[in-house]
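Encoded as structure tokens, the structure appears first; notes follow it.
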Amino acid sequence: MYFPAIDPAHKRYLIRTWLFMSGYVAVNVAAIFGAFDDIGRTAGLILGLVVAAPVAGQMWATMRLIAESDEFVRELTTKRFVAAAGLAMALFSAWGFMESYGEAPHAPGWLIYPLFWGLFGVVSPFIRTTR
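Using this note's numbering, the final residue of the sequence shown is 579, and nothing's skipped along the way.
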């Protein structure tokens, strides 16, 4: 199998992503298996911030990738990022209004993160130029 050489900016991005998402997965797997059951309100609020920290770190890693890449990759990634963010906000806002006005089932706020990255994957094949 042939694996093309990866440029340094993407290599650093992959390492940062792996590190941040390892923490994210570890805390969430622990929560799924009951490690934080009955911890109380204050500890639960702190846990929510702890789980959100790797999400912020991942956003930082993506911003670093954009800053460290060449002009074409920087513009292309930014265009995809903005398109995915706009779609995610529009869809999540629409769902929120449907909750408020149409009794749609509640969607937890943390779903915006996987929704964003899913949409990033969907829009990326269609956004192939920087124009």
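Even glycine gets a Cβ: it sits at the ideal position worked out from N, Cα and C.
When the Cα atoms are used, what is the spatial distance from T415 to P502?
Examination of residue 415 is not possible in this model, given that the chain is present from 449 through 579 alone.
Just to confirm, is the Cβ distance from R512 to V571 under 7 Å?
no
Please work out which residues of its chain come closer than 8 Å, Cβ to Cβ, to A491, disregarding the five sequence neighbours upstream and downstream, and give them in chain order.
Closer than 8 Å at Cβ, skipping near neighbours: F484.
Start and end residues, alpha helix (DSSP H) containing I487
Premise fails: I487 is in no alpha helix (DSSP H) and is neither H nor E.
Should the region 533-540 be regarded as contacting the region 559-575, the criterion being three or more beta carbon pairs within less than 8 Å?
yes
Look at W543 and A555 and say whether their C-beta atoms are less than 7 Å apart.
yes
Between the CA atoms of E551 and A457 - distance to the nearest angstrom:
46 Å
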